[in-house]
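A short write-up of the structure that comes next.
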Amino acid sequence: DAKTTQPTSMDCAEGRAANLPCNHSTISGNEYVYWYRQIHSQGPQYIIHGLKNNETNEMASLIITEDRKSSTLILPHATLRDTAVYYCIVRANFGNEKLTFGTGTRLTIIP
Amino acid sequence: DAGVIQSPRHEVTEMGQEVTLRCKPISGHDYLFWYRQTMMRGLELLIYFNNNVPIDDSGMPEDRFSAKMPNASFSTLKIQPSEPRDSAVYFCASSIYEQYFGPGTRLTVT
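Here is the structure:
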């Protein structure tokens, strides 16, 4: 799997947009960018994924640069419940390859 | 759907005892994954199955660990004999594409 680089921690004020960056400069053409998060004492939760186009769902938006070497997860209106560790993972979809979790970004939403 | 179900949620056992963790995947999912999470090593994949067949067990730490999936709706992870260093949270996940995780089993070996 291609490796990713994320900041260790970030803070964001409640109600503001939280922008979480991820670098994946060695991503292959067939690899997708996945985001998961893990709220304390819970199992990881799928958020969103994309290949090269920007994606949006009810939880977040994913912006992938044109060269696909980096991406940003956007939580548009952060709430206290969004405090969690956020993992950026790249993997190929075919064969449902395993996920390799790094250390992620610990996002703290400040009241 | 109830999501991925794991049991027990907490397990405390003494060193040397056998431990069995259980997982019921989401109906219709054809992949099942077992992970272990510790502060030191983070979240590690132990083994995964596709259509009940083990595909990759390279993450299983040693022969004391074994996993089975006798049918599409049930899997077990067994540790025999257990050791204090096995203390961790064990997660089961299932998927078609995106992985959905269970709540985990917190194992403490004293």
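Going down the list, the protein sequences come from chains A and B.
Following our numbering, the numbering of the first sequence begins with 124 at its first residue and continues without gaps.
Following our numbering, the numbering of the second sequence begins with 125 at its first residue and continues without gaps.
Ideal Cβ placement from N, Cα and C applies to all residues, glycine included.
Would you please state the rounded distance, in angstroms, between the beta carbons of A/Asn153 and A/Ser193? I believe it to be under 8 Å.
Not really, about 18 Å apart at Cβ, beyond 8 Å.
Item checked: 7 Å Cβ cut-off: residues of chain D touching B/Gly226 -> The chain labelled as chain D is not found among the protein chains of the depicted structure, namely A and B.
| request: For B/Ser218, count neighbouring Cβ atoms within 10 angstroms of its own Cβ and tell me buried if that reaches 16, exposed if not. | output: Flag for B/Ser218 reads buried.
If you check the beta carbons only, do A/Lys175 and A/Ile187 fall under 8 Å apart?
yes
Q | Identity of the residues DSSP links to A/Asp134 by a beta bridge | A | A/Thr231
Starting from B/Val128, trace the beta strand (DSSP E) in both directions and tell me its first and last residue. B/Val128 -> no beta strand (DSSP E), and no H or E assigned at all.
Review point. Thinking C-beta only, is A/Ala201 closer than 8 Å to A/Gly138?
Key: yes
Could you name the residues of chain A that B/Phe169 contacts, counting a contact when the two beta carbons are closer than 9 Å? Per the sequence shown, residue 169 of chain B should be read as Leu rather than Phe. Lys221, Leu222, Thr223, Phe224, listed in chain order.
For this session: Determine the contact status of B/Ser206 and B/Thr137, defining contact as a CB-CB distance below 8 Å.
Result: yes
Is the beta carbon of A/Glu173 less than 8 Å from the beta carbon of A/Tyr159? What sits at residue 173 of chain A in the sequence shown is Gly, not Glu. Against a cut-off of 8 Å, the Cβ pair of A/Tyr159 and A/Gly173 comes out as no contact.
* For the beta strand (DSSP E) that B/Lys148 lies in, which residues bound it at each end? -> Per DSSP, B/Lys148 belongs to the beta strand (DSSP E) from 143 to 148.
Discussion item. Helix, strand or coil, according to DSSP, for B/Arg209 in the structure here?
Written reply: helix
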